[in-house]
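Here is the structure we will look at, set down as C-alpha cells.
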Amino acid sequence: MSRIKVKSATLTPGYWIYVCPCGFQYTVSRVVRKSGKHMIYCFKCKQQTGKYYRVMTERIEFTQNWNGKLNCNSFTTMRLHNPVKYCVGAIKQIYLKGVWKGNAKIIEVRCIHLNDINQFTAKLDTGLSPEDCRQVIRTMYKNRPGINWDTQLIDLCLLEYQKESKEPTLFK
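Going by the working numbering, the sequence shown runs without a break in its numbering and finishes at 227.
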C-alpha cells in the first residue's frame, strides 16, 4: 500500500482562505499561532494544486442604497468574481457615500453569470428589472476594459451586519 504525501503550508496568525483551481468554495479560517500543519489539499477534487491567501477586512463602498437593502440586518451585493475577496466568513466594512454603516460578514456566496440575474435576484438586490440590474453592474465596471460579460462570473454575496462592530479609525 503506497502512502500519498500531502503538502502543507505554514500560516501566520490572521484570517486565511484556501482557494482551489476547481472552484470549490472554502470558508475563511482563523489562524491563532504560526503553524505548518495546514494541508494543501482539496476535499472536492482531491488535488494539491490550491493555495492559501490572507483575507483582509476590506471596505465595500456603495454609491446608492438600492432597494433600501443596507438598512436591513442582511443584504446582498453583486461584485466581479474574486474567491479571495468575497468568501464565506470574510468581514467587510460597509460604507454608503463615505458614511460607515457597519461591519458585515459574508455568510454565503453564489457564483453566477450576468445572464443568470432573474427577476427574483434583481428585485431583491436593486429593486430594478433584470435588464436594468445587469446594466447597473456593467456601468459599475465600465472602467475595466476587456470584461467578457458572457463568461465573467459574478459573486452574489449575502452579508449580515455584525452587532458588535465599531467604526474603523484612521491612524494619523
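Here a beta-carbon is modelled for each residue, glycine too, at the ideal position from N, C-alpha and C.
Nearest neighbour of residue i, chosen from the options [CA to CA]
i	options	result
residue 74	171, 221, 93 and 130	93
residue 120	106, 172 and 153	153
residue 218	209, 127 and 132	127
residue 113	161, 208, 193 and 186	161
residue 148	81, 67, 76 and 214	214
residue 138	105, 157, 118 and 124	105
residue 216	146, 82, 202 and 168	146
residue 175	222, 77, 131 and 76	131
residue 72	84, 79 and 123	84
residue 70	79, 107, 101 and 80	107
Residue i versus residue j - alpha carbon distance
i	j	result
residue 227	residue 111	Confidence is the limiting factor: at residue 227 the pLDDT is only 42, short of 50, which leaves the residue's position unreliable, though a coordinate-based value still follows. Taking the straight line joining both Cα atoms gives about 21 Å.
residue 64	residue 183	45 Å
residue 141	residue 87	22 Å
residue 171	residue 129	22 Å
residue 189	residue 204	10 Å
residue 62	residue 90	13 Å
residue 173	residue 210	15 Å
residue 193	residue 187	10 Å
residue 169	residue 221	34 Å
residue 201	residue 134	16 Å
residue 116	residue 60	44 Å
residue 95	residue 144	19 Å
residue 159	residue 150	11 Å
residue 191	residue 155	23 Å
Strand pairing of residue i, partner residues [DSSP]
i	result
residue 117	151
residue 109	71
residue 163	213
residue 157	149
residue 64	93
residue 208	168
Limits of the beta strand (DSSP E) - the one that residue i falls within
i	result
residue 86	84 to 86
residue 133	129 to 135
Host alpha helix (DSSP H) of residue i (start-end)
i	result
residue 92	That residue, residue 92, is in no alpha helix (DSSP H); its beta strand (DSSP E) goes 90 to 94.
residue 186	185 to 195
residue 179	174 to 180
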